[in-house]
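First residue of the sequence shown? That's 1 in the UniProt record's numbering, and the numbers climb one at a time after it.
The C-beta atom is built at its ideal place from N, Cα and C for all residues, glycine as well.
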Amino acid sequence: MTSSEGGDAVLLVGEGNFSFSAALSRIVAMETDDLAGGRGLRITATCLQTKEEALRHHGSAHNIHTITHSGGEVLFEVDCTRLSECVCLRGRQFDRVIFNFPHCGRKSGVRKNRLLLKHFFLSCVGVLKEEGEVLVSLCNGQGGTPADRPMREWHNSWQVVAMAAEAGLILNEVRPFDGEKPDGYQSTGYRSQDKCFHAEQGVTHVFSRSVACSAPQRKHMEQHVLGGQTLAYHIPAELSHYIHRGFLSSSNHPVRLVQDFLVQALEREWPVSMVTEPLPLLIHSSPQRLNACCPEIQDTHTHCYWLHPHTHTHHHTHPLMIPYCVLRPSLLPQTAILRRERKRREREEVLHGVSGLVFQRVHISPWSPPAFHQLLLWGAWPKASQSVPDLGRSLERLLTRYGLSLAEEQGSLWLAAEPMGRLGRLWADDLADGVSVCLNLDLLASLVYSLPDWRLLWSPDPRFLNHFLLRPLLEQPFRPFSLFPQRFVYDISFWAGSDWQEAEFHAVVREASRETVENVTLVDTYTQTDTHPDLTHTSYCYRLTYRSHTHALSHTHALKLHTHLQHLLSTRMHLTVR
């Protein structure tokens, strides 16, 4: 069968008396009569039992007749954990696969039923279309998600989200199972008997495929400079996911939506002129100069990405290494030139603005992105120190409904909100009659749209951007397309020498985990001092929390990533993993 023969193809597995399939067939038959062209569902109902065993269930003969009379088919002796072995299903794919109230039979425990779910999910993806759905209905409490009322303890549930993730599936939706809606439906098979399940408070879980989580790789880049020279360099592997994404040129990406909202709102009180000239990613500087112009970065030597590019021209066959080049950690160093040019040309009170991607080698924590979009505004004002509070109040009025607050510290006004922390800074340079505003657009977008994780902004899943294509207004909160993603926590311990660099460790964690680690905390340290000072070793123990709001992350996958991390720590950083 192909989709051209009718409507969506639906596969039902684990049927007992076929009453659900029969009820669905009756609904389809009524709807098909009302539809031009007669395009309805194409139902394939299956059960594990033989035909003789299935007919022993009360009403099953009548239900089977209803299904086949409505154009559906019924298959017996189909193991839902081995669908690929079913000859009748070979080469076929379905838009939906439905499994109502799965159970291993008799008094089987939660562990056996978890394995049933896991093997079912692994099997059904082989017959599921690329954009198909898997619907699993469970009794209240079995799933182990907040949709259960009450929610069971994790270890005492079937862990349906984690079992689906083993097959690369994410939970898109949960809804109450309405046992009365399919007219004539009666659950059966409770503990392998002709008895009903407690379906009155059942929960239907809707799953779909997750996008693949690709491995990061170093990215070759070139940047043209004056004199016909070209700088060649490599973006570190842990940052390759953030390059050339074009969020600020996409009209419906939340980062661009928030920037447009801020600029348009500020223009009602302050003239704003956005700079359109592209700024290079790589800048020539030194730690001392960066410390002077970027005070919000605590240690530019450690928390910036210093690179060693090579330059080549048509006249030189041998490349020359250029020292002190850094991936821009802020737009402030580059805008200093723009400030001087505009100050010479114009003196009116105008806020000039520029935005772009910046990179900071920060430690892994829930709201510390290593790459984010920065919006920088500056203008020349007489008595600039008096204009900063006015501009701060303008921003506070715009964002106060999202929980944003202002606080003064060390001569600057800081914008902050929970749980992100600091989102931006306002300050004055009285010597230059200047006012400056520096905002983190990624964290602001996460705040405005109630994103549970900043990493969602970088999701390759088209469902993320589709949400904002249909709901561009800031009043519309984000609806996650992956519900209740599971956390997996692993500890890692190792010995390190005197040349230990914690920033390098966090960078390797980002690369090895494919940005699925949301938090890293130091649990314990122990220093072993030998007679020679150069032989001092320290043991570190870190706790890593794996979780992804964009990809299906299972225990198996998380453990595989963690094992890869151990390998990189040993081979690249030359640490002795314990």
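query, result
"Residues that DSSP places opposite Met274 in a beta bridge", "Gly353"
"Cross-strand partners of Val326 (DSSP beta bridge)", "Ile283, Trp306"
"Arg422 in three-state terms, based on DSSP", "strand"
"Top-ranked residue by Cα proximity to Glu518, from Pro452, Ser286, Glu52, Leu404", "Pro452"
"Alpha helix (DSSP H) runs contained entirely in the segment 6-73, provided each spans 4 or more residues", "19-34, 51-54, 60-69"
"Host beta strand (DSSP E) of Gln264 (start-end)", "Gln264 -> not in any beta strand (DSSP E); alpha helix (DSSP H) instead, spanning 254-266."
"Backbone CA spacing between Thr563 and Leu553 [nearest angstrom]", "15 Å"
"Leu413 versus Ser436 - alpha carbon distance", "10 Å"
"DSSP three-state assignment for Cys124, whether helix, strand or coil", "helix"
"Element boundaries [alpha helix (DSSP H), containing Gln566]", "555-571"
"Touching by the beta-carbon criterion (3+ pairs, under 8 Å), the segment 392-400 and the segment 260-269", "yes"
"Residues near Leu423 in its chain [Cβ-Cβ closer than 8 Å; skip 5 each side]", "Leu404, Leu415, Ala416, Ala417, Leu439, Asn440, Leu443, Leu444, Leu447"
"Rounded C-alpha distance that separates Trp458 from Cys86", "40 Å"
"With 16 other Cβ atoms within 10 Å as the buried cut-off, status of Cys88", "exposed"
"Through-space distance from Ala292 to Ala232, alpha-carbon basis", "27 Å"
"DSSP-derived helix/strand/coil call for Arg463", "helix"
"For Asp178, three-class secondary structure by DSSP", "coil"
"Which residues DSSP lists as bridging Asn519, in chain order", "Thr545"
"Test item: CB-CB of Leu117 and Thr204 under 8 Å", "no"
"Three-state secondary structure (DSSP) of Leu169", "strand"
"Boundaries of the alpha helix (DSSP H) in which Val435 is found, first to last residue", "Looking at the DSSP string, Val435 is not in any alpha helix (DSSP H); the run it does join, the beta strand (DSSP E), is 434-440."
"CB contact below 8 Å: Val258 versus chain C", "In the structure shown, chain C does not exist; there is a single protein chain."
"DSSP-derived helix/strand/coil call for Thr400", "helix"
"Alpha carbon of Leu12 to alpha carbon of Arg401, nearest angstrom", "47 Å"
"Own chain, CB closer than 6 Å to Thr302, minus 5 neighbours either side, in chain order", "Ala503"
"Classification of Val526 by the beta-carbon crowding that lies within 10 angstroms, buried from 16 upward", "In the sequence as presented, Val is not what sits at residue 526; that position holds Tyr. Exposed."
"Whole-angstrom C-beta distance between Glu166 and Thr550, which should lie under 8 Å", "The Cβ separation is near 17 Å, so there is no contact."
"CA nearest to the CA of Thr81, picked from Trp154, Thr68, Met163", "Met163"
"Under 8 Å between C-beta atoms of Phe484 and Pro146", "yes"
"Residue burial classification, Thr571 (beta-carbon count within 10 angstroms, cutoff 16)", "exposed"
"From Cys139, Gly228, Leu307, residue whose alpha carbon lies closest to that of Ala178", "The residue you asked about is not Ala; residue 178 is Asp in the sequence shown. Asp178 has its Cα closest to that of Cys139, out of Cys139, Gly228, Leu307."
"Residues near Leu83 by beta carbon distance below 7 Å, same chain, minus five either side", "Leu89, Ser123, Cys124, Gly126, Val127"
"Enclosing alpha helix (DSSP H) for Arg510 [first to last residue]", "502-513"
"In DSSP terms, what His220 is bridged to", "His234"
"Simplified DSSP assignment, three categories, for Glu85", "helix"
"Pick from Ser210, His69, Arg56, Phe76 that is closest to Glu130, judged by C-alpha positions", "Ser210"
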